[in-house]
Amino acid sequence: MDLNDLNKVLEVKSLKKVRDDEAMEILEKVAKQVQPIMRKRKWKVKVLSEFCPANPSLLGLNIGGGAEVKIRLRRPNNEWDFFPYAQILDTMLHELCHNEYGPHNADFYNLLDEIRKECEELMAKGITGTGQGFDLPGKRLGGFSHQPPLSSLRQKALAAAENRERIGVLLPSGSKRLGGDSSIKAVLSPIQAAAMAAERRLHDDLWCGSKMLESEGPSESSKASVIPKSHPTSVPLALLCGACGTPKDRGNEAKAAKVWSCKFCTLHNSNEVERCLACGEWRYSYGPPVSTTDPRIST
2 MDLNDLNKVL EVKSLKKVRD DEAMEILEKV AKQVQPIMRK RKWKVKVLSE FCPANPSLLG
62 LNIGGGAEVK IRLRRPNNEW DFFPYAQILD TMLHELCHNE YGPHNADFYN LLDEIRKECE
122 ELMAKGITGT GQGFDLPGKR LGGFSHQPPL SSLRQKALAA AENRERIGVL LPSGSKRLGG
182 DSSIKAVLSP IQAAAMAAER RLHDDLWCGS KMLESEGPSE SSKASVIPKS HPTSVPLALL
242 CGACGTPKDR GNEAKAAKVW SCKFCTLHNS NEVERCLACG EWRYSYGPPV STTDPRIST
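Everything in the sequence shown is counted per the numbering used here, starting at 2 for the first residue and increasing by one.
The structure is reproduced here in structure tokens:
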């Protein structure tokens with residue numbers, strides 16, 4: 002048995018909601034599309050599962066550096082409507098990068114741009130799965146068939162153009178560095194480029210639940226919900242939040258100057274945000290007020 006065959010998504014799970022067959026099909030399609038990328042880098046994901054957290058902006062979560070990757074498939078408040086496949090696949094690529102790096106830093110984005118480009122090339126060639134044998138694109142044997150009708154050629158050309166457009170939206174041609182690509186960066190000052198990079202990190206921090214707390218070195222990274230591959234752990238998966246089903250962060254005490262702990266699900270959040278990224282509760286909330294009788298109202 003080839004050990005590389007284990008470098009993939011080992012199991013997929015849906016939420017058993019309406020249109021469950023379609024949800025499972027999307028998860029399996031995503032898992033197969035990223036398998037060549039995972040095989041190349043020896044990445045494993047034990048479980049790829051669907052989730053619908055209470056926070057509508059939360060789209061993805063990587064637990065334990067690949068122990069489980071959770072992805073939102075359906076639009077908030079409408080379980081009948083799925084996000085476009087291209088967006089779901091891009092979320093998966095983002096979460097896979099957390100197998101290697103926790104924080105949204107320059108190394109993370111360099112890796113993300115790299116595997117996006119690889120995924121674009123694989124999709125253009127029709128390669129999925131192992132990239133070998135039956136997973137390679139098919140080739141005709143024994144000559145050519147009759148010329149198809151002109152109307153059929155037009156339909157195929159239109160479908161190919163639409164497919165290229167979808168891929169272009171998901172995976173822009175060429176890799177892009179943190180702070181913008183080289184053509185943009187050439188006309189930007191270092192301050193402007195840094196501002197673009199910060200804006201990208203802030204945007205991803207809002208929808209990616211795998212955000213790690215900013216730390217000074219790799220040894221600090223085990224404090225957050227994502228653990229780099231070079232630092233395996235025997236700590237079991239965290240308990241789930243009763244409000245949204247998101248795993249609680251029960252790592253070491255975080256630095257008080259940089260984070261605050263949610264009183265409802267205990268997730269450590271950056272001081273830059275006012276609401277918990279997992280359950281959406283307000284930073285200073287202590288829950289609903291206690292029901293009391295107004296002393297001015299006689300009984």
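All C-beta atoms, glycine included, are put in the ideal place defined by N, C-alpha and C.
Less than 8 angstroms between the C-beta atoms of Glu-273 and Arg-284, yes or no?
As a working note, residue 273 is residue 272 in the sequence shown. As a working note, residue 284 is residue 283 in the sequence shown. No; because the gap between Cβ atoms is not below 8 angstroms, this pair is not in contact.
Looking only at its chain, what residues have a beta carbon closer than 7 angstroms to the beta carbon of Glu-119, apart from the 5 residues adjacent to it on each side?
Here residue 119 refers to the residue found at position 118 when the sequence shown is read from its first residue. Closer than 7 angstroms at the Cβ level, and outside the excluded window around Glu-119, lie Ile-38.
Over what stretch of residues does the alpha helix (DSSP H) that includes Leu-90 continue unbroken?
Start at 1 with the first residue of the sequence shown, and residue 90 comes out as number 89. It spans 86-98 - the alpha helix (DSSP H) in which Leu-90 sits, taken as one unbroken run.
Mind checking which residues open and close the beta strand (DSSP E) that includes His-70?
For the purposes of this step, residue 70 is taken as the residue at position 69 of the sequence shown. For the sequence presented, residue 70 should be read as Val rather than His. Element bounds for Val-70: 69-72.
So, for Leu-70: in the same chain, excluding its five sequence neighbours on each side, which residues have a beta-carbon less than 6 angstroms away from its beta-carbon?
Position 69 of the sequence shown, counting from 1, holds the residue named residue 70. Note that residue 70 is Val in the sequence shown here, rather than Leu. Excluding residues within five positions, the ones whose Cβ falls inside 6 angstroms are Val-46, Leu-49, Asn-63, Glu-96.
DSSP state of Cys-53, grouped into three classes?
Within the sequence shown, the letter at position 52 stands for residue 53. Of the three classes helix, strand and coil, the one that applies to Cys-53 here is coil, per DSSP.
When you compare the CB positions of Leu-90 and Ile-116, do they come within less than 8 angstroms of one another, or not?
Here residue 90 corresponds to residue number 89 of the sequence shown, with the count starting at 1. Here residue 116 corresponds to residue number 115 of the sequence shown, with the count starting at 1. No; because the gap between Cβ atoms is not below 8 angstroms, this pair is not in contact.
Just grab the DSSP bridge partners of Arg-276 for me.
Counting from 1 along the sequence shown, the entry for residue 276 is found at position 275. BP columns for Arg-276 point to Trp-283.
Go through its chain and collect everything with a Cβ distance to Lys-9's Cβ below 6 angstroms, but skip five positions before and after it.
Here residue 9 refers to the residue found at position 8 of the sequence shown. These residues qualify, in order along the chain: Gln-36, Met-39.
What does a CB cutoff of less than 6 angstroms around Arg-202 pick up in its chain, not counting 5 residues either side in sequence?
Here residue 202 refers to the residue found at position 201 of the sequence shown. Same-chain partners within the cutoff: His-105.
With burial defined as no fewer than 16 other Cβ atoms inside 10 Å of the residue's Cβ, what is the status of Leu-11: buried or exposed?
In the sequence shown, residue 11 corresponds to position 10, counting from 1. Flag for Leu-11 reads exposed.
According to DSSP, which residues form a beta bridge with Trp-261?
As a first step, residue 261 must be located in the sequence shown, where it is residue number 260. In the DSSP output, where bridge partners are listed per residue, Trp-261 has Asn-270.
In the DSSP assignment, the alpha helix (DSSP H) including Cys-12 goes from what residue to what residue?
Looking up residue 12 in the sequence shown gives position 11. Reading off the sequence shown, one finds Glu at residue 12, where the question assumed Cys. For Glu-12, no alpha helix (DSSP H) segment is defined, and its DSSP state is neither H nor E.
Taking only the alpha-carbon atoms, compute the straight-line gap between Lys-33 and Thr-129 and give it to the nearest angstrom.
For this step, residue 33 is matched to residue 32 along the sequence shown. For this step, residue 129 is matched to residue 128 along the sequence shown. A direct Cα-to-Cα measurement between Lys-33 and Thr-129 gives close to 6 angstroms.
Among Ala-161, Asp-108, Arg-20, which has the Cα closest to the Cα of Glu-80?
Residue mapping note: residue 80 aligns to position 79 of the sequence shown, counting from 1. Ranking Ala-161, Asp-108, Arg-20 by Cα distance to Glu-80 puts Arg-20 first.
Can you tell me whether DSSP reads Lys-47 as helix, strand or coil?
On the sequence shown, position 46 is the one that residue 47 refers to. DSSP places Lys-47 in coil when its eight states are reduced to three.
Which residue's Cα is closest to the Cα of Glu-23: Ile-72, Phe-83, Gly-67?
Position 22 of the sequence shown holds residue 23. Nearest option by C-alpha distance: Phe-83.
Does DSSP classify Glu-101 as helix, strand or coil?
The residue you call residue 101 lines up with position 100 of the sequence shown. In the structure shown, Glu-101 sits in coil (DSSP, three-state: anything other than H, G, I, E or B).
Run through the DSSP bridge pairs and tell me what Gly-61 is partnered with.
Counting from 1 along the sequence shown, the entry for residue 61 is found at position 60. DSSP output for Gly-61 lists Ile-72, Cys-209 as bridge partner(s).
Would you call Leu-268 buried or exposed, if buried means 16 or more other Cβ atoms sit within 10 Å of its Cβ?
The residue you call residue 268 lines up with position 267 of the sequence shown. Classification for Leu-268: buried.
Can you tell me the Cα-Cα spacing of Asn-111 and Tyr-102, whole angstroms?
Within the sequence shown, the letter at position 110 stands for residue 111. Within the sequence shown, the letter at position 101 stands for residue 102. Computed Cα separation, rounded: 11 angstroms.
Roughly how many angstroms lie between the CA atoms of His-261 and Glu-282, to the nearest whole one?
Counting from 1 along the sequence shown, the entry for residue 261 is found at position 260. Counting from 1 along the sequence shown, the entry for residue 282 is found at position 281. Checking the sequence, you will find Trp at residue 261 rather than His. C-alpha separation (whole angstroms): 12 angstroms.
If you count every other CB in all the chains shown that lies within 10 Å of the CB of Ser-286, and 16 or more means buried, which is it?
Looking up residue 286 in the sequence shown gives position 285. Exposed, by the Cβ-count rule.
Got a sec? Which residues, its chain only, sit under 7 angstroms from Asn-56 by beta carbon, not counting five neighbours each side?
Taking the sequence shown and counting its residues from 1, one reaches residue 56 at position 55. These residues qualify, in order along the chain: Cys-245, Leu-278, Ala-279, Cys-280, Gly-281.
Short check: CB of Ile-27 to CB of Leu-74, under 8 angstroms?
If you number the sequence shown from 1, residue 27 lands on position 26. If you number the sequence shown from 1, residue 74 lands on position 73. Taking 8 angstroms as the Cβ cut-off, Ile-27 and Leu-74 qualify as a contacting pair.
If I measure Cβ to Cβ from Cys-98 and keep anything under 6 angstroms in the same chain, skipping five residues before and after, which residues do I get?
Counted from its first residue, the sequence shown places residue 98 at position 97. Cβ within range, chain order: Phe-109, Leu-112, Leu-113.
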